[in-house]
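Following: one structure in structure tokens, then a few remarks.
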Amino acid sequence: MQDIEAVRAALRAQRIETPSWAYGNSGTRFKVFAQEGVPRDPYEKIADAARVHALTGVAPLVSLHIPWDRVDDYAHLAAHAHDHGVRIGAINANVFQDDAYRLGSVTNPDARVRRKAVHHLLACVDVLDATGSRDLKLWFADGTNYPGQGDIATRQAYLAEALAEVYARLSADQRILLEYKLFEPAFYMTDVPDWGTAYAHGLELGPRAVVCVDTGHHAPGTNIEFIVAFLLSRGRLGAFDFNSRFYADDDLMVGAADPFQLFRIMHEVVRGGGLDPAAGVNFMLDQCHNIEPKIPAQIRSVANVQEATAKALLVDAEELAAAQQAGDVLAANAVLMDAYATDVRPLLRELREEQGLAPDPVAAYHASGYAERIRAERVGGTQAGWGA
Numbered sequence: 000m001q002d003i004e005a006v007r008a009a010l011r012a013q014r015i016e017t018p019s020w021a022y023g024n025s026g027t028r029f030k031v032f033a034q035e036g037v038p039r040d041p042y043e044k045i046a047d048a049a050r051v052h053a054l055t056g057v058a059p060l061v062s063l064h065i066p067w068d069r070v071d072d073y074a075h076l077a078a079h080a081h082d083h084g085v086r087i088g089a090i091n092a093n094v095f096q097d098d099a100y101r102l103g104s105v106t107n108p109d110a111r112v113r114r115k116a117v118h119h120l121l122a123c124v125d126v127l128d129a130t131g132s133r134d135l136k137l138w139f140a141d142g143t144n145y146p147g148q149g150d151i152a153t154r155q156a157y158l159a160e161a162l163a164e165v166y167a168r169l170s171a172d173q174r175i176l177l178e179y180k181l182f183e184p185a186f187y188m189t190d191v192p193d194w195g196t197a198y199a200h201g202l203e204l205g206p207r208a209v210v211c212v213d214t215g216h217h218a219p220g221t222n223i224e225f226i227v228a229f230l231l232s233r234g235r236l237g238a239f240d241f242n243s244r245f246y247a248d249d250d251l252m253v254g255a256a257d258p259f260q261l262f263r264i265m266h267e268v269v270r271g272g273g274l275d276p277a278a279g280v281n282f283m284l285d286q287c288h289n290i291e292p293k294i295p296a297q298i299r300s301v302a303n304v305q306e307a308t309a310k311a312l313l314v315d316a317e318e319l320a321a322a323q324q325a326g327d328v329l330a331a332n333a334v335l336m337d338a339y340a341t342d343v344r345p346l347l348r349e350l351r352e353e354q355g356l357a358p359d360p361v362a363a364y365h366a367s368g369y370a371e372r373i374r375a376e377r378v379g380g381t382q383a384g385w386g387a
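Going by numbering that gives the first Met the number 0, the sequence shown opens with residue 0, and the numbers climb by one from there.
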């Protein structure tokens, strides 16, 4: 039987990080759909992230993406975040939207382009220093579209060289979160295609190079909870990028496609001690809300992670271990299914009310008038987004 007070304490302590780019305009490769009230600069993105935290109580961090969130004074931006009750989280480098990176960034055959990419990564470490952030998140679009286009082993050597230079620049309390992606935009071979590649490079670099698991970056049928369990047991699970995918990297609200998978992932997190802040696991969202309103979508995602976590905390670990040891397949599965079938929404509503929050954060947002206010105030200028 689970200690309900321990469950409540774990849920109160949970922290979820939202991404700045989720508050801007985004879309598909065909069209970006602009919305009224969308932030025009990083300061307004942080204000929206702060609204999500104010309503949920568990989202005090906001990721930045450079150069999407470039400002002249990052320390001032960090102070702005503090004034709004949030903090700057992971800094995401962007080495995929410059014309020079057509054939890759850190694995480009041209040494001048590789140098340009590394300079940007080092500049992102400067942003870590200025904002007090811990994590530099690296995702590379590098790869090839055709057999013979590039030498695989040479490109891996270039990648290792770039990572080593950036790792050496980190301070003692900073980390690299190395993300991977199966494909897109490289369709024949991607230079960091899977968790094993990211893990191997991290082992070469040192203990502060850990893996970021994006839940949308795997082949169909991949057992993501196995990846989570393995990396967590080795001390190399650094972060999640939570989203949902139906076909590929869809970047939809987490739990939208397969909430049972999200529960299974969080079960491995709970079992492996990943909720303990000492484990260093950063629970981040990575989403682009194309047709849904930005802030309510983020609130829903935060709530979905909370619900999956609550159900995972309700798994009776002793009963599960006993059934596993006895070889009772059905009983072991039933322990998980009983926890998953539990309606945890009343528990989460109670916890919010205990913190002085509205029990339904989405309804509270709609009733707050914030959406109407930002639509009226954010007129003129250029809306944030990655364009079409």
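Glycine is no exception: its CB is placed at the ideal position from the N, C-alpha and C atoms. Note that the coordinates shown come from a computational prediction; the quantities given were computed from them, not determined experimentally.
Can you grab the Cα-Cα spacing for the pair Gln155 / Asp190, in whole Å?
7 Å
I need the straight-line Cα distance from Met265 to Arg101, nearest angstrom please.
37 Å
Would you tell me roughly how many angstroms separate the C-alpha atoms of Gln148 and Arg113, rounded to the nearest one?
17 Å
Which partner residues of Ala208 appear in the DSSP bridge assignment?
Ile175
Complete runs of the beta strand (DSSP E) confined to the segment 226-283 [at least 3 residues]
236-241
With a threshold of 16 other CB atoms inside 10 Å of the CB of Lys293, please say whether the residue is buried or exposed.
buried
What does Gly26 pair with, by DSSP beta-bridge criteria?
Val31
What first and last residue would you give for the beta strand (DSSP E) that runs through Ile451?
No answer is possible for residue 451: it lies beyond the span of the chain, which begins at 0 and ends at 387.
Can the beta-carbon of Gly215 be found less than 8 Å from the beta-carbon of Asp250?
yes
Gly142, DSSP secondary structure in three states
strand
What residues in its chain sit with their C-beta under 6 Å from that of Ala129, if we drop five residues either side in the sequence?
Tyr73 and Ala74
What's the call for Glu317, buried or exposed, on a 16-neighbour Cβ count within 10 Å?
exposed
Counting only the same chain and skipping the five closest in sequence on each side, list residues whose C-beta sits under 7 Å from that of Ala256.
Ser243, Arg244 and Phe245
I'd like to know if the segment 363-376 and the segment 77-90 are in contact, where contact means that at least 3 CB-CB pairs between them fall below 8 Å.
no
How long is the line joining the alpha carbons of Asn144 and Ala185, rounded to whole angstroms?
5 Å
Find the nearest neighbour of Val378 within the set Ile3, Ile15, Gly26 and Gln34, judged by alpha-carbon distance.
Gln34
In this structure, does DSSP put Thr221 in helix, strand or coil?
coil
Tell me where the alpha helix (DSSP H) around Asp190 begins and ends.
First-last for Asp190: undefined, no H or E at that position.
Below 8 Å between beta carbons: does that hold for Tyr157 and Val105?
yes
In chain order, what are the residue ranges of uninterrupted alpha helix (DSSP H) at least 4 long that sit wholly in the segment 63-143?
73-82 and 110-130
Is there contact here, the segment 268-285 with the segment 11-23, by at least three beta-carbon pairs under 8 Å?
yes
Taking all protein chains shown into account, decide if Phe225 is buried (16 or more other Cβ within 10 angstroms of its Cβ) or exposed.
exposed
Segment contact flag, the segment 313-330 with the segment 352-359, C-beta cutoff 8 Å, min 3 pairs:
no
Since Cys123 and Ile175 are thought to touch, with beta carbons under 8 Å apart, how far apart are those beta carbons, to the nearest angstrom?
Between Ile175 and Cys123 the Cβ distance is about 10 Å, and since that is not below 8 Å, they are no contact.
C-alpha distance - Val70 paired with Asp315, whole-angstrom precision
48 Å
For Gly380, which of helix, strand or coil comes out of DSSP?
coil
Since Gly23 contacts Leu60 with CB under 8 Å, what's their CB separation in whole angstroms?
Going by Cβ atoms, the distance from Gly23 to Leu60 rounds to 18 Å, so no, they are not a contact pair.
For Phe262, does the count of other Cβ atoms within 10 angstroms reach 16, so buried, or fall short, so exposed?
buried
Tell whether a beta-carbon distance below 8 Å holds between Val269 and Gly237.
no
Nearest candidate by alpha-carbon position, reference Ala21, set Ala5, Ala325, Ile3 and Leu63
Leu63
Rounded C-beta distance between His200 and Leu231? I'm assuming under 8 Å.
About 18 Å separates the two Cβ atoms, so there is no contact after all.
Asn303: first and last residue of the uninterrupted alpha helix (DSSP H) it sits in
Lys293 to Leu312
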